[in-house]
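Q: Mapping of the sequence shown onto full-length UniProt numbering: position 164 corresponds to residue 164, and the numbering continues sequentially without gaps.
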Amino acid sequence: MRAVDGADESIPGGEPGRLRDDHLMRRSRSGTSWWRPGLTVVVPVLLSTAAAMTVLIKVLAPGTAQERLDAIRTGLAIGAGIGAVITLALALRRQQATEYDATERRLTELYVKAVDQLGSDKAAVRHGGFYALERVAQDNPAHRQTIVDVICAYLRSPYTPPRAPGSSKLKGLRAPLRPGWARPLPDTVPETTPKDADQEARQEREVRLTAQRILRDHLQPRTPARSWMRWFPRPVRTFWPDIDIDVTDATLIDFDLTNAIIRNARFDNAQFNGDASFEKAQFIGDASFEKAQFIGAASFEKAQFGAAASFSRAQFKSDAWFSKVQFNDNAWFNMTRFGSAWFAEAQFNGDALFKKAQFGATAWFDKTQFNGNASFKEASFGGIALFRDARFGGSAVFNGTRFGGIAFFNGTRFNDGAIRFDEAQFNNDVSFDRAQFKDAAFDRAQFNGETSFDNAQFNGEASFNEARFSNAVPNEVPRSQLSSGDSAPK
Numbered sequence: 001m002r003a004v005d006g007a008d009e010s011i012p013g014g015e016p017g018r019l020r021d022d023h024l025m026r027r028s029r030s031g032t033s034w035w036r037p038g039l040t041v042v043v044p045v046l047l048s049t050a051a052a053m054t055v056l057i058k059v060l061a062p063g064t065a066q067e068r069l070d071a072i073r074t075g076l077a078i079g080a081g082i083g084a085v086i087t088l089a090l091a092l093r094r095q096q097a098t099e100y101d102a103t104e105r106r107l108t109e110l111y112v113k114a115v116d117q118l119g120s121d122k123a124a125v126r127h128g129g130f131y132a133l134e135r136v137a138q139d140n141p142a143h144r145q146t147i148v149d150v151i152c153a154y155l156r157s158p159y160t161p162p163r164a165p166g167s168s169k170l171k172g173l174r175a176p177l178r179p180g181w182a183r184p185l186p187d188t189v190p191e192t193t194p195k196d197a198d199q200e201a202r203q204e205r206e207v208r209l210t211a212q213r214i215l216r217d218h219l220q221p222r223t224p225a226r227s228w229m230r231w232f233p234r235p236v237r238t239f240w241p242d243i244d245i246d247v248t249d250a251t252l253i254d255f256d257l258t259n260a261i262i263r264n265a266r267f268d269n270a271q272f273n274g275d276a277s278f279e280k281a282q283f284i285g286d287a288s289f290e291k292a293q294f295i296g297a298a299s300f301e302k303a304q305f306g307a308a309a310s311f312s313r314a315q316f317k318s319d320a321w322f323s324k325v326q327f328n329d330n331a332w333f334n335m336t337r338f339g340s341a342w343f344a345e346a347q348f349n350g351d352a353l354f355k356k357a358q359f360g361a362t363a364w365f366d367k368t369q370f371n372g373n374a375s376f377k378e379a380s381f382g383g384i385a386l387f388r389d390a391r392f393g394g395s396a397v398f399n400g401t402r403f404g405g406i407a408f409f410n411g412t413r414f415n416d417g418a419i420r421f422d423e424a425q426f427n428n429d430v431s432f433d434r435a436q437f438k439d440a441a442f443d444r445a446q447f448n449g450e451t452s453f454d455n456a457q458f459n460g461e462a463s464f465n466e467a468r469f470s471n472a473v474p475n476e477v478p479r480s481q482l483s484s485g486d487s488a489p490k
């Protein structure tokens, strides 16, 4: 069995146990409050009867004893009618409560049974468990977050993907140990061959893909763009709004949340095997990908981050696409490792922090808008660095940054704030043609290739104290600030 002992303990938050406790409390209250329904009927009947008789006597003003008796009978009849209506309403309410209790009991039974299925040794049974949970969540919106928590807990459990065809050993990355779906140790450990283990890993892979598919299908609010209905987009009834995702430490396979809407998301230390897509996804709350590893290509094109987004210490071992992404709050990429990175036309409305980030190949920041402060302090660019026509609305810090390939800042606008390239190293050619600076400092910077500031504009102070140029010094650079031994101006 894969599930932990006890159905209640295996469910995040103890939801089934809580449902049972609520049911017992309702039964306890119903046993000790038997007199309340009586008062609910008797008091209104007495009051309404008295009021009816008072009105009849005053309005009709019966003069004889027989007329007064008729008025009293009429008042009693009115009271009896009101009592009948109240009794019927109470009976209807009691029936609804009974039906609700029966529904809740049935829901709890289905819930616990589905969770138990996830602990089965058979992959087909685990598939069935996920399908059952999906149905429960679809029919019961109040329990959708709990169902998603169960799915995420399953994905967080340790897993090693199957080896690729022709490989001699498993090459997948196993997630670190974390409380989740643990299989109890049997009394005797059966002998398993590598072939059996690989077959089990492949079956488990399909189960996990089913779990991921459930998240994908129910976090997309509209019909797929590839269908003919893209011209008439409409909300999908299967969409689950206001859902939080926590797959910290999870091993994910070809993960796809394209067009998804997520409230809060945690992918810390998650390992994405294969390609990962978050294209056009919307993160309403915080999104954290700290220390996440992307083995294949990762795409966040046109995604929107409504709150803080952190990719600090994440590793992108292949291409990372952030083109036209929108960060509406601070974005952290400190000590993040990239292969090739595309941030073209991205928009940072908060601070953008790339401190000590490493770009192993080409880094595209063409037409990127940095509306807050931007820091690339001590970052490393191993390939071409493209910041053409980028806009820096706040301070821009490149202190100690190393550019191993050609760097282009053509047409870049540094509109406001401090512009610092102190101790930056340009080990190849660099171009600041048509760039616009306010106050800029290149103190102790090293220019080891061809350097160009053609048609650049310095609208404030420009500082090149002790800067070194291996080749010709641009005319825009003040000669008095340079260290001795630099080349003559071009």
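C-beta atoms are modelled at their ideal positions from N, C-alpha and C, and glycine is treated no differently. Since the model is a prediction, treat every value here as computed from it, not as a measurement.
Is Leu353 near Ser323, with beta carbons less than 8 Å apart?
A: no
Q: Helix, strand or coil for Gln220, going by three-state DSSP, please let me know.
A: Note: Gln220 maps to coil in three-state DSSP.
Q: Whole angstroms are fine: how far does the CA of Ala276 sit from the CA of Asp254?
A: Rounded to whole angstroms, the gap between the alpha carbons of Asp254 and Ala276 is 6 Å.
Q: Given Asn455, which residues of its chain have a CB within under 8 Å of its CB, disregarding the five upstream and five downstream residues?
A: Non-local C-beta neighbours of Asn455 in its own chain, meaning closer than 8 Å and more than five positions away in sequence, comprise Asp433 and Arg434, ordered along the chain.
Q: Answer with buried or exposed for Gly383, where buried requires no fewer than 16 other C-beta atoms within 10 angstroms of its C-beta.
A: buried
Q: Below 8 Å between beta carbons: does that hold for Lys367 and Asn334?
A: no
Q: Thinking C-alpha only, which one of Ala424, Phe408 and Lys438 is nearest Arg402?
A: Ala424
Q: In the structure shown, what three-state DSSP assignment does Ile406 receive?
A: coil
Q: For Lys122, count the other beta carbons within 10 Å of its own beta carbon; 16 or more makes it buried, fewer makes it exposed. Which is it?
A: exposed
Q: Any idea what DSSP makes of Val148, helix, strand or coil?
A: helix
Q: Check the C-beta distance from Phe305 over to Ala320 and give it rounded, since I have them as a contact under 8 Å.
A: With a Cβ gap of about 15 Å, Phe305 and Ala320 do not count as contacting.
Q: Glu461 and Asp429 - do their beta-carbons sit closer together than 8 Å?
A: no
Q: Use the C-beta contact count for Thr146: other C-beta atoms within 10 angstroms, 16 or more gives buried, fewer gives exposed.
A: buried
Q: Determine the contact status of Thr283 and Ile262, defining contact as a CB-CB distance below 8 Å.
A: Inspection of the sequence shows that residue 283 is occupied by Phe rather than by Thr. In this structure, Ile262 lies closer than 8 Å to Phe283 by Cβ.
Q: Below 8 Å on the Cβ atoms is my guess for Asn259 versus Arg222; work out the distance and round it to an integer in Å.
A: 7 Å
Q: Between Val477 and the rest of its own chain, which residues show a CB-CB distance below 6 Å, the 5 nearest in sequence each way excluded?
A: Phe464
Q: With contact counted as at least three CB pairs below 8 Å, one residue from each stretch, are the stretch 242 to 256 and the stretch 144 to 158 in contact?
A: yes
Q: Pull up the distance between the alpha-carbon of Gly83 and that of Arg94, whole angstroms please.
A: 16 Å
Q: From the DSSP output, in three-state form, read off Val430 for me.
A: strand
Q: CB Ala407 to CB Ala440, shorter than 8 Å?
A: Between Ala407 and Ala440, the C-beta gap is not smaller than 8 Å, which leaves the two residues out of contact.
Q: Do Ala201 and Thr248 come within 8 Å of each other at the CB atom, strictly closer than that value?
A: no
Q: Please classify Asn359: does DSSP put it in a helix, a strand, or coil?
A: Reading the sequence as shown, one finds Phe at residue 359 and not Asn. It is a strand residue.
Q: What is the rounded straight-line gap between the Cα of His218 and the Cα of Phe327?
A: 24 Å
Q: Pull the bridge partners of Phe278 from the DSSP assignment, please.
A: Partner(s): none; Phe278 has no beta bridge.
Q: Consult DSSP for Asp244 and reduce its assignment to one of helix, strand or coil.
A: Per DSSP, reduced to three states, the secondary structure at Asp244 is coil, with no helix or strand assignment.
Q: Between the C-alpha atoms of Asp422 and Gly360, what's the straight-line distance to the nearest angstrom?
A: 22 Å
Q: Nearest by alpha-carbon distance to Pro141: which of Asp242, Val150 and Ala292 is it?
A: Asp242
Q: Answer yes or no: do Phe365 and Ala390 have a C-beta to C-beta separation smaller than 8 Å?
A: yes
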